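> With our numbering applied, the sequence shown corresponds to residues 335 to 422, in that order. Quick reminder that beta carbons are idealized off the backbone N, C-alpha and C, glycines included. The model shown is predicted, which means the values in this text are computed figures rather than measured ones.
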Amino acid sequence: MESRITVSRESPGDVKQRQVIVKLDGDPFAVLMYGETATRAVEPGPYRLLFDNTWEKKKVEFTVAEGEHVKYNVINRAGRFTWWMVAA
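1. Excluding sequence positions up to five away, which residues of its chain have a Cβ less than 6 Å from the Cβ of LEU366?
2. Can you give me the C-alpha to C-alpha distance between HIS403 and ASP361, rounded to a whole angstrom?
3. From the DSSP output, in three-state form, read off THR371 for me.
4. Quick check: LEU358 and ARG338, are their CB atoms within less than 9 Å of each other?
5. So the candidates are LYS393, VAL341, ALA364 and GLY369; which of them puts its Cα closest to the Cα of LYS350?
This is how it looks when you write it as structure tokens:
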């Protein structure tokens, strides 16, 4: 049975602006705009996803088991200085 990783960007709390660049173990995985989803088949084992909206980066490390479907929902939300910059 195939193992898979899915990353989606569908949360209503998302600001719906800017792309989120997703890398899997340093290799390109997807560039997600709001409402998009990407899935990839992978071998079982440890992985690291890096999420980058070109202002901030976050990473998550996890292990995929045989036949497991790992799902992440990434949210691009406004930071504490965002509204100050919008007002300026």
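With the given structure in hand:
1. The residue labelled residue 366 in the question sits at position 32 within the sequence shown. Leaving aside the five residues that flank LEU366 on each side, the residues in its chain whose CB is nearer than 6 Å to its CB run, in chain order, ARG343 and VAL354.
2. For the purposes of this step, residue 403 is identified with residue 69 of the sequence shown, where counting begins at 1. For the purposes of this step, residue 361 is identified with residue 27 of the sequence shown, where counting begins at 1. Distance between the alpha carbons of HIS403 and ASP361: 19 Å.
3. Stepping through the sequence shown from its first residue, residue 371 is reached at position 37. Note: THR371 maps to strand in three-state DSSP.
4. Residue mapping note: residue 358 aligns to position 24 of the sequence shown, counting from 1. Residue mapping note: residue 338 aligns to position 4 of the sequence shown, counting from 1. Going by C-beta atoms, LEU358 is not nearer than 9 Å to ARG338.
5. Taking the sequence shown and counting its residues from 1, one reaches residue 350 at position 16. Answer by Cα proximity: GLY369.
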